[in-house]
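J.: To start, I am sharing the structure in question, which I have written as structure tokens.
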Amino acid sequence: MIPKSKKIVQSALAAMLLGTIVAGCSGNGGAPAQSGGDAAASPKADAPKSDAKKEERSLHIMAGVIGGKTPEENTLFEKEIERLTGIKVKLDKPASDYDQKLLAAIASGEKFDLLQISKEKMNLFIDQGILTPLTDKVKQSKVLSDPNVIPTGEWDQVKTKDGKIYGVFTKYQGGTMPIIREDWIKKLNLKDPVTLDDYYNVLKAFKEQDPDGNGKADTYGLSTAGMYELQGFFSAAGLKQRYVEKDGKLDVPYSTDAAIPVYEWLNKLYKEGILDPNFTTNDTAKMRNLFLSDRVGMITYWDAWVGMLNNTRKTQDPNTAFEAKGLPGIADKDGKFMLRRGDPDVWVIPVNAEHPNTAWEFIEWWHTKDAIYLGSLGIKDNDWTDNGGKIELTKTGKDHAMDHGVPFWYNKNVPNPFGLLPGVKEAQDLVMKYATLELTPSGKWTDAEKIITDYSFKAITGQMPAADAVKKMREELKAKKLID
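Listed below in structure tokens is the structure:
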């Protein structure tokens, strides 16, 4: 259930936005419709400023990761948007607690033209009727309907059950997978694992055969950050992380009897010292550091980090043999792989936005070269320079690691001027081929996750037999009405 305090904030949010519309305070006399078809006709993608002439070309935006790395640089980011588009922007980017500050700001009466939010938050706002539908605009947009800009199939990620679109991607959101020390595979004359038995044998070798060559028994086969991203292993049983819906009923596959063999396999790794014993308390940084410092041969993490891990070690030692590689996980009995796709971040336009046409112009622009460079490389002459067509990062740009909210993007017409880091392309291809989104019903997953994690830890560490842990997990989820 949603905590009472959260319900109050959400209700205040909905009341504030909807109340503004009822009072006719849209500011331009042309607020989008709340229901039925989409709002006003889409501006042409090649001349989006024509509609925007009817309103002041300014935007109030709130974003979680898009923008400058410091308050001072955020101001430069605003000015760069204005230089590139002619749109005057006020960009609010809280340093922490984004969702809470977003809800508080809107509930206090602050208006925004654009919000950067997660798909989960978008679904909540859709339920409350406070977002502008963008389906028709997307269909009519020469930019966004181009499959080279956004692949056609990707739109399924953000569509509602009735096929409507309320949010447009801010970036390419990757997925997670097992990441292996491929140089250890080669050193020990092994092959990349395919089955659960293969994974056990490889991880056992990483534990026992001194892959780092220091003569000490100080390595583990696998480390995780708690239950973070075990999808690649549960794929062996054909089980999806988080929720699934069948015949209108919600269920959590990790709480079903089909999950028991996977928990027993993980318990075997734990009992034999193959699984890092600190996995229950690790955060992702500790997990990554074990991988980078030759303490563990496999972690479960994001596709983008395959490249960053390789680049980090290469920067430290240009002659290193270190090689991180993404794996597709384990196929189920039907030969199907199942990886996890991260929930996309999207741009949405609140129904009480004062400059909705300009907001749409900005959304289209965000998928063009100038915007992609801004969201990735950063601010020209601050993060990067263009010397006769040769793009070079400044010291500031190198420190910012080409990520101002858009480390990766969809638009195939805009290649990365520095190319992709080693291993990233192959890992991303696995995500595009095998990964799908989880279902995260509003207000349920946070409470369900605590129960799942608690009993999963008990099963993996042997505090309870796996069958008993799964049974108790399911009983508690049902008792709290978190599954049907």
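Sequential numbering from 2 applies to the sequence shown in the numbering used here.
We put the CB at the ideal spot given by N, CA and C, even for glycine.
In this text, all values refer to a predicted model and were calculated from it rather than measured experimentally.
1. Helix or strand or just coil, what does DSSP make of T133?
2. Pick out whichever of R342, W306, K337 and Y456 has its Cα sitting closest to the Cα of R182.
3. Using three-state DSSP, classify D47 as helix, strand or coil.
4. Which residues mark the beginning and the end of the alpha helix (DSSP H) in which L340 is found?
5. Using alpha carbons as the reference points, say which of L440, W348, K138 and K160 lies closest to H61.
6. Can you check whether the CB of I180 is closer than 7 Å to the CB of G274?
7. Cβ of N312 within 7 Å of Cβ of G424?
8. Write down the C-beta distance between A460 and N283 rounded to the nearest angstrom, noting that I regard them as a contact closer than 8 Å.
9. DSSP on G31, reduced to helix/strand/coil?
10. Mind checking N358: buried by the 16 CB within 10 Å criterion, or exposed?
11. With a CB to CB cut of under 7 Å and the five nearest residues on each side skipped, what residues in its chain are close to M474?
12. Out of M63, W410 and G110, state which residue places its alpha-carbon closest to the alpha-carbon of A96.
13. Counting Cβ pairs closer than 8 Å, one from the segment 421-441 and one from the segment 325-343, do we hit at least three?
14. Go ahead and pull the three-state DSSP assignment for Q232.
15. Who are the Cβ neighbours of L394 in its own chain at under 6 Å, not counting the five residues just before and after it?
16. Are M288 and S236 closer than 7 Å when you measure CB to CB?
17. Relative to the C-alpha of Y244, which residue among K445, P466 and K472 is closest?
18. What does DSSP give as the partner residues of L499 in its beta bridges?
19. Using 8 Å as the threshold, is the segment 202-214 in touch with the segment 396-412, meaning 3 or more CB pairs across them?
20. If you follow the beta strand (DSSP E) that V263 is part of, which residue opens it and which one closes it?
21. Count the other C-beta atoms from every protein chain shown that fall within 10 angstroms of the C-beta of N353, then say buried if there are 16 or more, exposed otherwise.
22. According to DSSP, is V203 part of a helix, a strand, or is it coil?
23. Quick check on L85: does DSSP put it in helix, strand or coil?
24. Counting only the same chain and skipping the five closest in sequence on each side, list residues whose C-beta sits under 6 Å from that of A470.
25. Can you find the residues in the same chain that come closer than 7 Å, C-beta to C-beta, to K188, ignoring five residues on each side of it along the sequence?
26. Can we say the segment 70-82 touches the segment 330-338, given the rule of at least three CB pairs closer than 8 Å?
27. Got a sec? Which residues, its chain only, sit under 6 Å from G38 by beta carbon, not counting five neighbours each side?
28. Pairs of beta-carbons, one from the segment 408-419 and one from the segment 108-126, closer than 8 Å: are there three or more?
29. Taking the DSSP output, what are the residues bridged to G327?
30. Suppose you measure from the CA of D333 to the CA of K479; what does that come to, to the nearest Å?
31. For the candidate residues G65, V66, R84 and G239, whose alpha-carbon lies nearest to that of K381?
32. When you compare the CB positions of A175 and D346, do they come within less than 7 Å of one another, or not?
33. State the DSSP-derived secondary structure class of T153, mapped to helix, strand or coil.
34. How big is the Cα-Cα spacing for L251 and T136?
35. Could you tell me the distance, in whole angstroms, from the CA atom of Y167 to the CA atom of I350?
36. Nearest to G379 by CA position, among E57, K55 and I82, is which residue?
T.: Here's the rundown:
1. coil
2. W306
3. Residue placement at D47 cannot be trusted, given a pLDDT of 40 that sits under 50; what the coordinates show is reported in the next sentence. DSSP places D47 in coil when its eight states are reduced to three.
4. No alpha helix (DSSP H) holds L340; the beta strand (DSSP E) holding it covers L340 to R342.
5. W348
6. no
7. no
8. Between N283 and A460 the Cβ distance is about 18 Å, and since that is not below 8 Å, they are no contact.
9. Note that G31 has pLDDT 31, beneath the 50 cutoff, so the model's placement of it is unreliable and the number below is only indicative. In the structure shown, G31 sits in coil (DSSP, three-state: anything other than H, G, I, E or B).
10. buried
11. S256, I452, I453 and Y456
12. M63
13. yes
14. helix
15. W385
16. no
17. K445
18. An answer regarding residue 499 cannot be provided, because it is not within the stretch 2 to 485 covered by the chain.
19. no
20. Unbroken run through V263 is the alpha helix (DSSP H), I261 to K272; no beta strand (DSSP E).
21. buried
22. helix
23. helix
24. Y456, K459 and A460
25. P212
26. no
27. Caution applies to G38, whose pLDDT of 38 falls short of 50 and renders its modelled position unreliable; the value that the coordinates give is listed next. Taken in chain order, the list of residues that qualify is empty.
28. no
29. I180
30. 27 Å
31. R84
32. Residue 175 is actually Gly in this sequence, not Ala. The answer is no: Cβ separation not under 7 Å.
33. helix
34. 27 Å
35. 8 Å
36. I82
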